[in-house]
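Participant:
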Amino acid sequence: MAVIQFSQAINQALYQLLEKDPEVFLIGQGVTSPWYVGGTTLGLVDRFGAERVFDTPVSENGVTGAAVGAALAGAKPVLVFPRLDFMYYAFDQLINHAANWHYMFGGQLSVPLTIWGIVNRGGEQAAQHAQSIQAMMMHVPGLKVVMPSTPYDAKGLMVSAVTDGNPVMYIDERWLYQTKGEVPEEMYKVPLGKGVVRREGSDVTVVATSYMVLEALKAAEALAKEEHIDVEVIDPRSIKPLDKQLLLSSLKKTGRFVVVDAAWQTGGVGAELSAIVASEGFDYLKAPVARVSLPDAPAPSSSVLEKVYYPTSKTIIKKVKETVVR
Amino acid sequence: MAVIQFSQAINQALYQLLEKDPEVFLIGQGVTSPWYVGGTTLGLVDRFGAERVFDTPVSENGVTGAAVGAALAGAKPVLVFPRLDFMYYAFDQLINHAANWHYMFGGQLSVPLTIWGIVNRGGEQAAQHAQSIQAMMMHVPGLKVVMPSTPYDAKGLMVSAVTDGNPVMYIDERWLYQTKGEVPEEMYKVPLGKGVVRREGSDVTVVATSYMVLEALKAAEALAKEEHIDVEVIDPRSIKPLDKQLLLSSLKKTGRFVVVDAAWQTGGVGAELSAIVASEGFDYLKAPVARVSLPDAPAPSSSVLEKVYYPTSKTIIKKVKETVVR
Amino acid sequence: MQKKAEKQRQSSSPQDILKQLYRTMLRIRLFEEKTAELVQKNEILCPSHLYIGQEAVATGVSASLRKDDYVFSTHRSHGHYIAKGGDLNALMAELYGKVTGCSRGRGGSMHLSSPEVGFIGSSAIVAGSIPLAVGAALAFSLRKQDRVSVAFFGDGAVNEGTWYESMNIAGLRKLPVIFVCENNLYSTHMPVSECLADTDIHRKAETFGMSGYRIDGNNVIEVYETAKKAIDAARRGEGPALIECMTYRWRGHVGPNYDIEKGLRSKEELDEWIAKCPIDRLEKQLLQQGLLTASEIQRIRSELKKAVDDSAVYAKKSPYPDEKTLLDNVFKES
Amino acid sequence: MQKKAEKQRQSSSPQDILKQLYRTMLRIRLFEEKTAELVQKNEILCPSHLYIGQEAVATGVSASLRKDDYVFSTHRSHGHYIAKGGDLNALMAELYGKVTGCSRGRGGSMHLSSPEVGFIGSSAIVAGSIPLAVGAALAFSLRKQDRVSVAFFGDGAVNEGTWYESMNIAGLRKLPVIFVCENNLYSTHMPVSECLADTDIHRKAETFGMSGYRIDGNNVIEVYETAKKAIDAARRGEGPALIECMTYRWRGHVGPNYDIEKGLRSKEELDEWIAKCPIDRLEKQLLQQGLLTASEIQRIRSELKKAVDDSAVYAKKSPYPDEKTLLDNVFKES
Ligand SMILES: Cc1ncc(C[n+]2csc(CCOP(=O)(O)OP(=O)(O)O)c2C)c(N)n1
Ligand SMILES: Cc1ncc(C[n+]2csc(CCOP(=O)(O)OP(=O)(O)O)c2C)c(N)n1
Ligand SMILES: [Mg+2]
Ligand SMILES: [Mg+2]
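Protein chains in written order, with this note's numbering: chain A, 29 to 354; chain B, 29 to 354; chain C, 445 to 778; chain D, 445 to 778.
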């Protein structure tokens with residue numbers, strides 16, 4: 029199997045989706061630019077033409093509404109937001125419209141729309157160019173939310189999102205774009221709502237999202253070597269629907285639970301996962317659940333502050349140790 | 029002390045704030061209308077004039093930005109959203125701007141803005157006229173969020189919000205507007221971040237927000253009478269900052285925890301409170317934490333469906349019984 | 445019934461069109477009057493924004509639309525739904541919150557849909573469905589279909605940034621979408637002059653590279669002719685247009701009352717507009733030109749009245765949605 | 445320094461104003477060239493959007509502003525900050541992420557502020573600070589102060605609904621706010637004609653009941669005169685205005701490169717605009733009119749160059765923020 033970059037895996041998925049289904053089109057800021065979205069769209073406009081791969085004015089709500097409307101007319105748009113921060117402008121269309129349309133009209137109409145939002149944090153970009161707002165999306169009925177962490181999943185989840193028939197938020201991180209992994213050439217799906225065990229372990233369950241899966245694995249290796257703590261690392265891949273069973277069965281084994289999500293702590297993804305564990309996995313729990321997240325503060329610019337703002341494997345190691353000590 | 033309605037308590041707070049501080053003004057859809065915001069603004073435009081109490085075009089983001097800008101210039105606007113559903117249009121200004129400005133510029137500037145959002149659910153209004161999105165607000169660093177449940181707190185929290193010096197989301201429910209309670213005539217504050225025990229009890233802690241406090245109290249009475257279950261009902265009043273100590277000390281006593289918030293369950297306020305309890309109150313917990321919330325679905329129109337969609341004291345009773353059985 | 449109407453429209457003489465316009469306006473009027481009555485009786489519970497007074501707009505525009513053209517609407521959507529050919533029984537059942545409703549009792553008055561006749565839904569968020577119409581037109585245009593999409597909205601929608609973004613995207617890509625503004629002088633309790641710095645809404649069109657028209661929205665023939673021109677042009681790929689129809693709602697913003705008692709507008713103003721009733725106006729013309737006789741009109745009226753009354757009977761005896769379906773259709777099953 | 449400049453402006457002869465405009469443009473230019481150099485050397489890490497080529501706009505507009513007038517800016521904000529009188533050392537320190545920075549190292553290049561000179565901040569959200577400027581003007585107007593607020597923004601901001609809402613609110617309430625559009629022909633990689641259905645941005649003003657101007661944004665005198673007229677009018681309570689300044693950024697969207705290598709625009713186009721350098725143009729005029737001699741210009745240049753170089757030294761030796769302050773200032777303490 030070919031080993032390719034995360035960004036190339038997305039490119040491949042888009043290529044194959046555009047090739048296979050004439051109703052698929054790619055729309056959003058930067059999709060025709062060689063650099064704007066990290067090389068993920070390279071070559072697409074040349075191959076599929078300006079009718080099916082096109083850039084838009086910066087009119088996030090209008091463009092999102094247009095993508096929703098096209099989906100209502102049977103198209104399958106992939107709508108890109110080069111940063112989640114810009115998405116607030118489009119919340120009305122995403123939530124009041126895309127997410128509601130199927131339910132509100134009794135299941136008669138559907139919105140087969142993929143909203144691809146890129147987390148682009150760090151690099152001294154500060155508070156308006158760094159946000160991860162998956163928790164808000166997860167809160168909305170009618171939106172599915174996926175967060176791939178490997179090139180394999182990047183491709184397979186994109187295919188699933190585009191062919192799902194519902195509005196699906198596909199959230200990925202620029203920090204993953206250069207990572208490499210095996211990716212089958214043919215088109216395949218990674219099912220929405222199925223998580224995966226990235227590393228088996230018996231002492232503590234660490235559930236991590238997106239880029240933080242890599243940090244969790246790094247932490248697990250270090251903990252195994254230095255502390256003889258055997259960490260099970262779970263990647264839910266899709267946070268809505270969520271593979272609750274996978275979480276609970278791991279917890280049953282380990283009795284300890286740490287959730288890692290690089291977004292604001294209060295009301296974050298970690299809160300929901302902790303709540304699930306504290307209600308449905310209570311009998312397995314041997315220690316307090318723990319969260320690794322961003323502090324409740326906007327992202328600062330100075331890299332000195334960024335270093336303490338963003339959690340790493342070290343932050344995870346510390347939390348796991350606290351949890352296991354108990 | 030005078031016994032007045034919840035809506036009158038708000039009216040009194042606004043009146044006194046406008047009277048005391050020339051920098052306070054009231055802006056938003058319906059503030060000059062006799063009915064639009066449930067009578068809360070009656071008489072204000074007559075007393076303080078169209079310069080300080082004024083209606084706006086339906087331009088939620090622009091108007092919110094204008095309120096933020098006025099706050100940056102030293103004014104203390106109270107900005108009304110007659111429904112939270114309309115607020116998505118304004119998320120960019122609320123989150124990228126109002127919530128960030130103080131931090132992003134190193135504490136030099138501040139945004140003394142009260143965003144008053146009204147939950148107006150039920151009545152067959154359906155999915156776009158019923159939402160409670162306090163969880164999204166709670167997730168945002170730089171925003172405080174209060175949810176009064178009594179006329180006393182309605183007044184005292186409004187005064188605190190307007191004089192706080194930060195962007196404060198004041199969320200109330202129309203279902204509370206006709207409720208009555210004692211309200212001092214003079215201006216007073218209810219501190220942000222201080223919860224209150226509404227009913228003492230020893231078997232189970234029920235934390236409820238806004239209108240659901242009333243349902244929780246009803247449930248507690250019924251449970252006491254019919255099941256001999258002694259429920260402690262806590263009203264956090266402010267969900268950010270949150271009175272964690274009050275929650276934890278009640279939990280220490282009861283060992284059981286149910287959180288009631290009439291908003292979507294996944295990623296809701298209940299998730300955060302459950303997570304806090306499962307990490308910081310773990311040693312006190314004798315049973316799984318439980319959540320009473322809305323199901324993860326948009327609000328339906330038909331009143332037959334509304335009846336099963338919105339939780340009531342009955343839903344609370346059921347959850348408490350499940351929790352106490354353990 | 446709808447099929448017949450459609451055929452009629454396509455191959456119809458000017459006289460037939462006039463009669464058809466009359467029937468449609470009257471159908472809307474009678475339906476709305478019935479709705480008002482049922483709201484007053486608390487038979488209908490959901491907030492209903494009545495279309496009485498504005499019938500010429502939906503009617504005149506929809507007369508040139510095909511079934512496979514799309515219409516998007518607002519909180520005030522009964523008229524648009526009916527004019528596009530939506531079923532009366534399903535509409536009334538929706539207002540009653542019944543499972544036989546056009547949105548299965550999930551949407552209520554503000555959220556109607558009838559995909560089979562190209563009525564794709566109405567949004568209760570001001571300006572919310574406008575970009576959707578643009579998007580449908582985008583899909584049509586990408587597929588090189590000769591279909592057209594229509595966004596109906598009020599003067600209030602012109603306050604929202606989304607309206608401008610939609611106008612710009614449509615103008616930029618020359619999409620087959622018609623923006624129909626029903627300027628009824630008010631956005632809830634706010635007169636348009638307290639909302640817009642410049643109330644000549646139609647003039648904004650040219651700053652988005654499209655034609656803008658301001659017409660008498662109570663003259664159904666003028667609406668029909670202007671809309672036909674714009675729709676035909678859009679169908680030929682000549683791009684979008686904005687039509688500002690000056691009109692008036694007789695009832696208050698929501699529900700059956702008149703907003704006079706609340707002091708939101710004057711009785712004189714209302715009376716002036718009632719005198720400009722679009723239906724009376726066409727009726728007079730039809731009588732004068734001998735296209736319909738008084739007794740024919742009587743017959744049409746009672747036929748339509750019966751259909752409306754029947755819809756209320758149908759709605760009332762229809763079942764409510766099953767509680768167990770509450771969580772169905774949050775997502776489409778694949 | 446700033447105080448002196450302010451006084452000069454108020455009681456200054458036309459000649460003094462010209463010299464002042466020249467100094468300010470040159471200060472911006474030299475600062476930006478230094479920034480480009482420091483970004484290339486990886487001394488500055490934060491994404492920096494350079495203002496080179498557009499100096500006449502910020503300079504010409506700010507020359508008629510008082511210190512208590514407010515300016516709001518965008519991601520491309522160095523020039524606006526400097527023109528309003530912001531301190532160079534604090535600016536450079538901010539780019540370095542130092543605690544002595546004008547935003548204490550929290551904001552970086554895209555988020556500058558200097559409340560003491562009326563520079564209230566810049567937002568990196570396209571169009572994001574425009575309603576803020578409207579709001580400040582609203583506060584001024586409610587207090588009946590004769591202060592003015594300015595929103596600087598690019599052509600890209602005219603794509604955003606927020607821009608239209610802001611224009612409408614300002615026009616409706618006749619607020620003392622000046623909308624300054626720097627039309628530099630691109631929004632990132634997108635030419636303005638691929639973004640706007642009608643690229644005559646200034647013409648949109650009249651549909652919001654305000655005056656709109658399109659001027660040569662590389663002619664600082666024209667900018668100064670137009671802005672002065674608009675600012676004075678706004679100060680007198682005559683309402684807002686839109687000034688569209690046609691200009692060009694020499695460097696790429698972000699960072700020191702030119703976007704030629706990426707094929708986003710042609711070398712010819714760039715050269716044409718470099719030939720229209722606003723600073724050269726004024727310099728020639730000053731020399732021709734004998735207002736400055738070549739050696740005086742040399743002196744000014746080296747004086748400014750020194751200030752800029754000093755700012756880099758200052759920034760470099762300034763301390764970083766203390767990690768422990770990470771969570772400070774999320775909220776204002778009461
Ligand atoms: C985003 C949003 N803001 C506010 C409202 C409340 N609201 C409902 S209808 C309406 C006025 C609409 O006026 P207009 O567009 O002129 O339509 P009309 O009611 O006159 O037909 C308002 C403000 C809303 N539904 N959505
Ligand atoms: C809401 C939002 N969408 C997209 C972006 C990405 N972005 C940054 S600058 C820019 C273009 C701005 O163009 P313009 O307003 O003309 O300013 P210029 O860069 O030309 O000075 C874009 C699209 C953003 N910052 N904010
Ligand atoms: Mg109207
Ligand atoms: Mg530009």
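Yeah, the Cβ is synthetic: ideal placement off N, Cα and C, and Gly gets one too.
For clarity, every value in this text was computed on a predicted model and none was experimentally measured.
Using only the heavy atoms of ligand 4, determine whether one of them is closer than 8 Å to the beta carbon of Arg693(D).
Facilitator: Relative to the non-hydrogen atoms of ligand 4, the Cβ of Arg693(D) comes within a distance shorter than 8 Å of at least one.
Participant: Taking a Cβ distance cut-off of 8 Å, strictly less, list which residues of the segment 71-95 of chain B are near chain D, in chain order.
Facilitator: Glu79, Arg80, Thr84, Pro85, Ser87, Asn89, Gly90, Val91, Thr92, Gly93, Ala94 and Ala95
Participant: Report the rounded CA-to-CA distance for Gly150(B) versus Ser521(D), giving the unit in angstroms.
Facilitator: 47 Å
Participant: Could you tell me the alpha carbon to alpha carbon distance between Gly605(C) and Gly615(D), rounded to whole angstroms?
Facilitator: 15 Å
Participant: Per DSSP, what are the beta-bridge partners of Asp754(C) in this structure?
Facilitator: Per DSSP, none; premise fails for Asp754(C).
Participant: List, in chain order, every chain D residue whose beta-carbon is nearer than 8 Å to that of Asp642(C).
Facilitator: Gly615, Glu650, Thr651, Phe652 and Gly653
Participant: So does Gly707(D) have its beta carbon nearer than 8 Å to some heavy atom of ligand 3?
Facilitator: no
Participant: Just to check my reading of the structure: Ser266(A) and Gly193(A) have Cβ atoms closer than 8 Å, yes? What is that Cβ distance to the nearest angstrom?
Facilitator: Not really, about 15 Å apart at Cβ, beyond 8 Å.
Participant: Per DSSP, what kind of secondary structure is Ala571(C) in: helix, strand or coil?
Facilitator: coil
Participant: Opposite Ser593(D) in the DSSP bridges: which residues?
Facilitator: Answer is Tyr514(D) and Val621(D).
Participant: Can you tell me the Cα-Cα spacing of Val574(C) and Val592(C), whole angstroms?
Facilitator: The sequence shown places Ile at residue 574(C), not Val. Those two C-alpha atoms are separated by around 14 Å.
Participant: When the Cα of Leu494(D) is compared with those of Asp512(D), Ala595(D) and Ser553(D), which residue comes out closest?
Facilitator: Ser553(D)
Participant: Could you say which of Pro212(A), Gly283(A), Ala154(A) and Glu308(A) lies nearest to Val332(A) if we only look at CA atoms?
Facilitator: Ala154(A)
Participant: Quick check on Arg548(D): does DSSP put it in helix, strand or coil?
Facilitator: DSSP, reduced to helix, strand and coil, places Arg548(D) outside both helices and strands of the structure shown, so it counts as coil.
Participant: Ligand 1 heavy atoms versus the CB of Pro110(B): any closer than 8 Å?
Facilitator: yes
Participant: Step through the CB atoms of chain D and report whether any lies within less than 9 Å of the CB of Thr691(C).
Facilitator: no
Participant: Going by beta carbon distance, what residues of the same chain come within less than 7 Å of Leu708(D), once the five residues before and after it are set aside?
Facilitator: His633
Participant: Short of 7 Å in beta carbon distance, which residues of its chain neighbour Arg284(A), apart from the five on each side in sequence? Order them along the chain.
Facilitator: Asp231, Val232, Thr233, Lys314, Ala315, Thr351 and Val352
Participant: Who pairs with Cys639(D) in a beta bridge, going by DSSP?
Facilitator: DSSP, once it has assigned bridges, lists no residue as partnering Cys639(D).
Participant: Could you run through the segment 314-335 of chain B and flag, in chain order, every residue whose CB is less than 8 Å away from some CB of chain C?
Facilitator: Pro323, Asp324, Ala325, Pro326, Pro328, Ser329, Ser330, Ser331, Val332, Leu333 and Lys335
Participant: Quick check on Gly656(C): does DSSP put it in helix, strand or coil?
Facilitator: Strand, per DSSP.
Participant: Any heavy atom of ligand 3 closer than 8 Å to the Cβ of Glu702(C)?
Facilitator: The residue you asked about is not Glu; residue 702(C) is Tyr in the sequence shown. No, the Cβ of Tyr702(C) stays beyond 8 Å of every heavy atom of ligand 3.
Participant: Which term fits Gly530(C), buried or exposed, when burial requires 16 or more other beta carbons within 10 angstroms of its beta carbon?
Facilitator: If you draw a 10 Å sphere on the C-beta of Gly530(C), you find 16 or more other C-beta atoms in it, and that means buried.
Participant: Where does Asn128(A) land, buried or exposed, given buried means 16+ other C-beta within 10 angstroms?
Facilitator: buried
Participant: In or out: Lys711(D) buried (at least 16 other Cβ within 10 Å) or exposed?
Facilitator: With fewer than 16 Cβ atoms within 10 Å of its Cβ, Lys711(D) is classed as exposed.
Participant: In chain order, what residues of the segment 154-185 of chain B put their CB closer than 8 Å to some CB of chain D?
Facilitator: Pro169, Gly170 and Lys172
Participant: Is it a yes or a no for the segment 185-200 of chain B touching the segment 191-208 of chain A, going by three-plus beta-carbon pairs under 8 Å?
Facilitator: no
Participant: Can you pull the chain B residues whose beta carbon is under 8 Å from the beta carbon of Phe584(D), in chain order?
Facilitator: Ala101
Participant: Check whether chain D comes within 9 Å of Thr518(C), counting only Cβ atoms and requiring the distance to be less than that.
Facilitator: It does not; no Cβ of chain D falls within 9 Å.
Participant: Ala601(C): which of Ile123(B), Leu100(B) and Val86(B) sits nearest, CA to CA?
Facilitator: Val86(B)
Participant: Of all the CB atoms in chain A, is at least one closer than 9 Å to the CB of Tyr198(B)?
Facilitator: no
Participant: Is the beta carbon of Lys183(A) sitting closer than 9 Å to the one on Val147(A)?
Facilitator: no
Participant: So is Lys347(B) buried or exposed if we call it buried at 16+ other beta carbons inside 10 Å?
Facilitator: buried
Participant: So, do the segment 100-114 of chain A and the segment 297-315 of chain B have three or more beta carbon pairs nearer to each other than 8 Å?
Facilitator: no
Participant: Out of curiosity, what's the CA-to-CA distance linking Ser341(A) and Tyr239(A)?
Facilitator: Separation of Ser341(A) and Tyr239(A) (C-alpha to C-alpha, rounded to the nearest whole angstrom) is 11 Å.
Participant: Could you check the C-alpha separation between Lys358(B) and Val168(B) for me, to the nearest Å?
Facilitator: For chain B, the structure presents residues 29 to 354; residue 358(B) sits outside this window and is missing.
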